[in-house]
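Notes follow the structure.
In this note's numbering, the protein residues as written are 166 to 651.
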């Protein structure tokens with residue numbers, strides 16, 4: 166080999182090493198950074214407890230999706246997705262501390278608890294077993310457990326609305342330096358049997374439950390594309406950051422809704438849609454413009470919840486007239502359709518000063534921008550020295566969180582620890598006495614972010630004879646409903 170040939174081979178080898186280094190760097194960047202994971206846990210703590218069904222989660226879902234969008238691998242078409250028989254991996258939250266790491270896992274089952282790899286019995290039927298970081302694990306630090314046929318693994322160290330949840334499929338327990346990770350691996354259709362009743366009451370109309378099942382399936386399949394939980398060896402978690410899972414166990418009616426829509430998802434432009442949903446509208450929905458994204462999805466439309474009618478609520482005059490009346494809509498019979506909260510002036514002054522100690526006295530609260538459906542997108546707080554502007558409906562609702570203040574709704578007063586304003590569909594007026602502002606009156610409507618499908622609106626549409634396909638096409642524009650996604 167000549168001198169020049171030898172030099173050429175050295176250069177080629179060096180280039181290959183550089184290329185491999187770049188590939189490794191890009192691969193590692195596709196995992197969710199620790200900072201974003203910490204932000205996710207903080208957002209969950211803020212949102213938790215705002216709604217018995219977990220409807221408030223979509224605001225958290227969207228903020229996390231926006232934050233991780235740049236890390237998402239290139240999207241594939243629905244035809245490239247996993248089949249519905251394949252598995253989804255659900256990371257289980259530690260409900261005692263928040264976050265995903267568990268100090269222990271206490272398990273039981275009505276049948277023997279078995280190791281999946283060896284078939285070895287870890288515990289007899291009805292026996293409890295406690296696993297900690299000190300327990301005997303395989304060399305790789307991973308235990309994959311199943312229960313005997315017809316049984317589920319119940320995790321006694323977890324508490325949900327139903328009590329101690331029990332899981333079908335495989336329960337994977339990973340030992341890490343921070344604690345144990347618990348991951349439930351099931352097929353998608355089984356997963357949905359525990360999502361739908363946790364996100365919508367099983368007593369709702371069957372066609373509404375079917376619409377919810379298709380939304381949930383679409384959301385789950387899109388989450389499989391995004392890989393946002395790779396750092397925790399999962400696809401989704403069991404909280405409002407994705408979809409609430411097994412907070413309420415499977416129910417006969419929601420099982421039926423899942424089975425009768427098996428495999429059905431919504432696509433637009435050949436891609437799975439972001440199937441956002443929320444609890445109750447004010448009578449109008451908005452596009453995803455409420456989250457101040459650079460672009461909006463074409464299938465998310467601003468819709469008045471009464472067919473054959475259109476309204477534009479972007480101006481203050483139009484929205485004030487709308488929100489101060491009981492405008493008829495599919496949601497108008499719901500308790501959260503109209504509500505009012507009075508904030509003491511000193512409370513909002515304290516929050517204003519926390520935003521900027523140099524801003525002075527809060528003198529006015531002005532809506533600078535609304536979505537076409539009426540949601541506040543930009544709120545300016547005018548101080549005697551400086552002004553502060555809040556953007557993004559979630560941030561605005563957080564600043565105006567009622568806490569334990571009483572809320573007037575549907576002719577009654579309710580109270581509870583609310584970490585978010587019920588919705589961003591509101592007007593704000595000062596209440597003065599002797600020339601000084603004593604309180605701020607917030608009049609609003611709806612519960613949730615107002616993007617996509619209103620769950621209570623869907624239920625009313627079903628009561629009026631609409632099919633699940635009609636419900637979905639009402640809330641999502643120009644979509645295709647298909648089972649040809651595998």
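Where is the CB? At the ideal position from N, CA and C, for every residue including glycine.
Within the continuous beta strand (DSSP E) that includes residue i, where are the two ends?
i	result
residue 324	Unbroken run through residue 324: none, as it is neither H nor E.
residue 668	Absent from the structure is residue 668, since the part of the chain shown begins at 166 and ends at 651.
residue 594	591-598
residue 269	269-273
residue 297	294-297
residue 319	318-320
Please report the distance separating the alpha-carbon of residue i from that of residue j.
i	j	result
residue 241	residue 560	Confidence at residue 241 is low in this model, with a pLDDT of 37, below 50, so the placement of that residue should be treated as unreliable; the coordinate-derived value is given next. So the two alpha carbons sit approximately 32 Å from each other.
residue 304	residue 345	15 Å
residue 565	residue 435	39 Å
residue 310	residue 341	17 Å
residue 282	residue 583	46 Å
residue 610	residue 590	6 Å
residue 416	residue 462	33 Å
residue 239	residue 286	Reliability of the predicted coordinates at residue 239 is poor, the pLDDT of 36 falling under 50, and no value is obtained from them.
residue 333	residue 266	21 Å
residue 533	residue 540	11 Å
residue 599	residue 510	14 Å
residue 504	residue 615	15 Å
residue 629	residue 572	30 Å
residue 328	residue 335	20 Å
residue 316	residue 294	16 Å
residue 449	residue 472	11 Å
residue 603	residue 595	8 Å
residue 586	residue 508	11 Å
residue 479	residue 395	40 Å
residue 619	residue 625	10 Å
residue 447	residue 289	53 Å
residue 633	residue 406	25 Å
residue 426	residue 517	49 Å
residue 385	residue 601	52 Å
residue 297	residue 552	52 Å
According to DSSP, residue i sits in a beta bridge with which residue or residues?
i	result
residue 401	255
residue 341	344
residue 288	278
residue 430	647
residue 484	Residue 484 is not bridged to any residue.
residue 606	507, 594
residue 471	None; residue 471 has no bridge partner.
residue 616	451
residue 332	318
residue 669	Summary: the structure shown does not reach residue 669, with the chain confined to residues 166 through 651, and so no result is reported for it.
residue 583	568
residue 601	598
residue 465	641
Using the beta-carbon count (16 or more within 10 Å), is residue i buried or exposed?
i	result
residue 382	buried
residue 324	exposed
residue 420	buried
residue 569	exposed
residue 268	exposed
residue 466	buried
residue 579	exposed
residue 354	buried
residue 576	exposed
residue 330	buried
residue 643	exposed
residue 640	buried
residue 490	exposed
residue 538	buried
residue 567	buried
residue 147	Residue numbering for the chain in the displayed model covers 166 to 651; residue 147 lies beyond these limits and cannot be assessed.
residue 244	Note that residue 244 has pLDDT 37, beneath the 50 cutoff, so the model's placement of it is unreliable and no number is given.
residue 597	exposed
residue 523	exposed
residue 444	buried
residue 548	buried
residue 531	exposed
residue 617	buried
Which stretch, first to last residue, makes up the alpha helix (DSSP H) that contains residue i?
i	result
residue 490	Looking at the DSSP string, residue 490 is not in any alpha helix (DSSP H), and its letter there is neither H nor E.
residue 307	Where residue 307 is concerned, there is no enclosing alpha helix (DSSP H), although the beta strand (DSSP E) it sits in stretches over 307-312.
residue 633	633-640
residue 423	417-425
residue 622	620-628
residue 371	371-391
Closest Cβ-Cβ distance between residue i and chain C: below 9 Å?
i	result
residue 495	Of the protein chains in this structure there is only one, and it is not chain C.
List in chain order: all unbroken beta strand (DSSP E) runs of 3+ residues lying wholly within the segment 497-578. Secondary structure remark: continuous beta strand (DSSP E) runs of at least 3 residues inside the segment 497-578, in chain order: 504-509, 527-535, 541-548, 552-556, 572-574.
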